[in-house]
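Numbering of the sequence shown is given in the working numbering, commencing with residue 10 and proceeding in unit increments.
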Amino acid sequence: MKNHFQHLKHDLPASLVVFFVAIPLCLGIALASGAPLFSGLIAGIIGGIVVGVLSGSNIGVSGPAAGLAAIVLSAIATLGSFEVFLTAVVLGGVIQVIFGLLKAGVIGYYFPSSVIKGMLTGIGIIIILKQIPHFFGYDSDPEGDWSFLQIDGENTFSAIWSAFDNISLGATIIGVIAMVILITWSNYLSKKGKFFNLVQGPLVAVVAGIIYYVATSGSEKFGISTEHLVSVPVPDNFDSFIGQFSFPDFSAINNPEIWVLAFTIALVASLETLLCVEATDKLDPHKNVTPTNRELLAQGAGNILSGMIGGLPITQVIVRSSANIQSGGRTKMSAIIHGFLLLISVILIPKLLNKIPLSVLAAILFVVGYKLAKPSLFKKMYNLGWQQFIPFIVTIVGIVFIDLLYGIALGLAVGIAVILIKSYQNSHFLHMEGEKNSDGKIKMTLAEEVTFFNKGAILKELDSLPRDSYLELDVRKTRYLDYDIIEILDDFAVKAKERNIDIKLISERGIVENPPSYIEFFKLHKKTSFTHA
10 MKNHFQHLKH
20 DLPASLVVFF
30 VAIPLCLGIA
40 LASGAPLFSG
50 LIAGIIGGIV
60 VGVLSGSNIG
70 VSGPAAGLAA
80 IVLSAIATLG
90 SFEVFLTAVV
100 LGGVIQVIFG
110 LLKAGVIGYY
120 FPSSVIKGML
130 TGIGIIIILK
140 QIPHFFGYDS
150 DPEGDWSFLQ
160 IDGENTFSAI
170 WSAFDNISLG
180 ATIIGVIAMV
190 ILITWSNYLS
200 KKGKFFNLVQ
210 GPLVAVVAGI
220 IYYVATSGSE
230 KFGISTEHLV
240 SVPVPDNFDS
250 FIGQFSFPDF
260 SAINNPEIWV
270 LAFTIALVAS
280 LETLLCVEAT
290 DKLDPHKNVT
300 PTNRELLAQG
310 AGNILSGMIG
320 GLPITQVIVR
330 SSANIQSGGR
340 TKMSAIIHGF
350 LLLISVILIP
360 KLLNKIPLSV
370 LAAILFVVGY
380 KLAKPSLFKK
390 MYNLGWQQFI
400 PFIVTIVGIV
410 FIDLLYGIAL
420 GLAVGIAVIL
430 IKSYQNSHFL
440 HMEGEKNSDG
450 KIKMTLAEEV
460 TFFNKGAILK
470 ELDSLPRDSY
480 LELDVRKTRY
490 LDYDIIEILD
500 DFAVKAKERN
510 IDIKLISERG
520 IVENPPSYIE
530 FFKLHKKTSF
540 THA
């Protein structure tokens with residue numbers, strides 16, 4: 010824990026940004042799920058504090074899952090009681106714990122890099138598209154509804170069109186001001202001194218939004234009406250605060266529908282979490298590897314507790330996790346502090362939170378979305394070849410025009426088709442060997458054909474290398490090396506420097522000590538031994 014506190018100067022500002030992103034999402038997902046608003050906040054608090062403490066992820070942030078909103082909405086209506094639904098959440102958490110004990114976390118390694126990058130980019134695009142109406146003060150669809158077909162009867166693009174016919178001048182003005190603050194802070198002021206790094210632009214934008222709301226509250230033209238503000242439940246006293254908690258009705262535990270729903274929640278929540286873990290590890294500048302089985306155990310424990318006190322199902326979520334990474338979060342303290350901020354704020358300052366314009370939070374999410382979906386990434390993926398580009402694009406299109414899970418499933422299907430084609434062209438079984446020589450060097454030999462199906466094994470081998478060791482990586486026999494594996498090696502080069510691990514790459518072209526970029530090395534020599542997938 011000592012190492013976590015050493016990075017508080019990074020984690021505390023990041024936790025504030027995650028906090029501001031989390032508030033509307035917790036409330037919006039609860040609204041989209043047909044559940045009490047407070048249930049979303051409970052899930053956010055537990056996701057931050059409990060899952061944050063138990064998780065092995067340094068930068069992942071957990072909270073209520075947008076991908077489960079449709080399932081929750083249908084389940085509450087079918088079961089006829091939110092308390093009965095909570096029973097399924099608790100049981101779903103128990104099933105997740107069993108998944109973790111059975112080491113099912115390895116599933117996350119079998120998603121190709123192109124699909125994960127497509128997921129991140131697709132989420133970035135959908136964040137931007139979904140926030141456009143909120144930016145202009147058109148809030149008919151709740152935050153956190155990421156599906157193309159919205160619960161208000163519109164779709165992503167018709168909602169944008171409707172927003173232009175229903176512009177709220179006050180909300181738009183402060184949204185533009187917030188955007189100017191964020192861009193100026195990020196591109197200019199952050200380079201001017203420590204103060205501008207400690208105090209994050211999103212905090213300044215939120216304060217400006219509150220000041221604007223208070224200053225214009227009497228203006229019919231420039232003021233912001235309450236439906237365009239954050240809407241945290243405000244209890245009259247401590248008893249009414251406690252009254253917001255709900256408890257599961259275990260008398261319905263014999264109902265088969267409860268168990269079907271519990272398994273569905275466990276399966277979908279686990280899948281979303283594992284995908285998010287894979288994505289956040291890829292975004293992490295320090296290239297930490299999250300223990301996936303421990304993550305399932307942490308998520309299961311979080312869902313058990315969330316269900317016990319009236320919260321929505323929890324997963325690790327990419328929007329909050331990416332906001333954490335982009336804001337400089339280094340350790341799990343960022344996620345934990347954001348959970349405490351949620352808890353303290355809903356108890357002590359709910360009225361102040363309810364003065365934050367949604368358009369300001371939309372501006373913050375615009376920045377998060379843009380950083381996930383930078384145009385340069387499309388060019389990079391195109392240059393890597395059709396085997397990477399097609400699954401990437403299919404995943405994006407599926408996420409934008411259907412929803413997250415369908416988009417990932419489509420991208421994965423195309424990725425598997427690509428692998429089958431390459432396997433047909435290169436009919437060799439893959440294998441990997443690791444052995445320790447008598448002189449203390451560790452030797453790893455890659456087989457003739459290595460695809461993304463080997464990601465889990467290779468990640469495990471590399472992550473288990475001791476500090477101050479020496480690795481010989483022999484690729485002389487390798488004819489086909491999937492780009493996912495090259496990217497893992499490239500990421501490990503960063504980790505190797507931090508752990509003082511020397512690497513000797515042995516290829517048909519000779520020996521290279523500590524190559525600075527495996528991607529560039531294999532790209533340079535692909536005409537001799539390697540093919541990009």
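Ideal Cβ placement from N, Cα and C applies to all residues, glycine included.
What residue does the beta strand (DSSP E) around residue i start on, and which one ends it?
i: residue 117; result: Here residue 117 belongs to no beta strand (DSSP E), and DSSP marks it neither H nor E.
i: residue 516; result: 511–516
i: residue 209; result: Careful: residue 209 lies outside any beta strand (DSSP E) and carries neither H nor E.
i: residue 323; result: 323–325
i: residue 522; result: 519–522
i: residue 452; result: 451–455
i: residue 482; result: 479–483
Are there 16 or more other CB atoms within 10 angstroms of the CB of residue i, so buried, or fewer, so exposed?
i: residue 122; result: buried
i: residue 436; result: Low per-residue confidence applies at residue 436: pLDDT is 40, beneath 50, and the placement is therefore not dependable, though the value from the model is reported in the following sentence. Its Cβ having fewer than 16 others within 10 Å, residue 436 is exposed.
i: residue 130; result: buried
i: residue 440; result: Reliability of the predicted coordinates at residue 440 is poor, the pLDDT of 38 falling under 50, and the value obtained from them is presented with this limitation in mind. Residue 440 should be labelled exposed.
i: residue 522; result: exposed
i: residue 297; result: buried
i: residue 207; result: exposed
i: residue 140; result: buried
i: residue 108; result: buried
i: residue 143; result: buried
i: residue 47; result: buried
i: residue 14; result: exposed
i: residue 391; result: exposed
i: residue 8; result: This structure does not reach residue 8, given that the chain is present from 10 up to 542, and the question cannot be answered.
i: residue 45; result: buried
i: residue 507; result: exposed
i: residue 489; result: buried
i: residue 255; result: buried
i: residue 223; result: exposed
Does the Cβ-Cβ distance between residue i and residue j come in under 8 Å?
i: residue 380; j: residue 335; result: yes
i: residue 214; j: residue 192; result: no
i: residue 53; j: residue 72; result: yes
i: residue 74; j: residue 41; result: no
i: residue 310; j: residue 59; result: yes
i: residue 92; j: residue 265; result: no
i: residue 455; j: residue 483; result: yes
i: residue 428; j: residue 460; result: yes
i: residue 485; j: residue 526; result: no
i: residue 369; j: residue 172; result: no
i: residue 32; j: residue 318; result: no
i: residue 529; j: residue 487; result: no
i: residue 97; j: residue 267; result: yes
i: residue 30; j: residue 243; result: no
i: residue 474; j: residue 451; result: yes
i: residue 424; j: residue 415; result: no
i: residue 112; j: residue 363; result: no
i: residue 225; j: residue 66; result: no
i: residue 250; j: residue 135; result: no
i: residue 470; j: residue 513; result: no
i: residue 359; j: residue 218; result: no
Residue i lies in the alpha helix (DSSP H); which residues open and close that run?
i: residue 2; result: Nothing can be reported for residue 2, as the shown portion of the chain is limited to 10 through 542.
i: residue 544; result: Lying outside 10 to 542, the shown extent of the chain, residue 544 is not represented and no answer is given.
i: residue 493; result: 492–507
i: residue 87; result: 78–88
i: residue 291; result: 265–292
i: residue 103; result: 91–110
i: residue 190; result: 178–196
i: residue 20; result: 17–41
i: residue 134; result: 122–144
i: residue 170; result: 165–173
Assuming residue i and residue j are in contact, meaning their beta carbons sit under 8 Å apart, how far apart are those beta carbons, in whole angstroms?
i: residue 133; j: residue 287; result: Their Cβ separation, rounded to whole angstroms, is 16 Å, which puts residue 133 and residue 287 out of contact at 8 Å.
i: residue 103; j: residue 343; result: Residue 103 to residue 343, Cβ: 28 Å. No contact.
i: residue 420; j: residue 124; result: 4 Å
i: residue 325; j: residue 273; result: Contact flag wrong, Cβ pair sits at about 18 Å.
i: residue 236; j: residue 148; result: 6 Å
i: residue 305; j: residue 279; result: 6 Å
i: residue 56; j: residue 338; result: With 8 Å as the limit, residue 56 and residue 338 do not qualify as a contact, their Cβ atoms being about 15 Å apart.
i: residue 233; j: residue 180; result: 5 Å
i: residue 182; j: residue 231; result: 7 Å
i: residue 465; j: residue 197; result: About 43 Å separates the two Cβ atoms, so there is no contact after all.
i: residue 21; j: residue 346; result: 6 Å
i: residue 160; j: residue 150; result: 7 Å
Please indicate yes or no: does the CB of residue i lie closer than 7 Å to some heavy atom of the ligand ADP?
i: residue 56; result: The model on display carries no ligand, and the ligand ADP is accordingly not part of it.
Along the chain, which unbroken stretches of the alpha helix (DSSP H) at least 4 residues long are found entirely within the segment 356–439?
-> 359–362, 367–381, 384–392, 395–410 and 413–434
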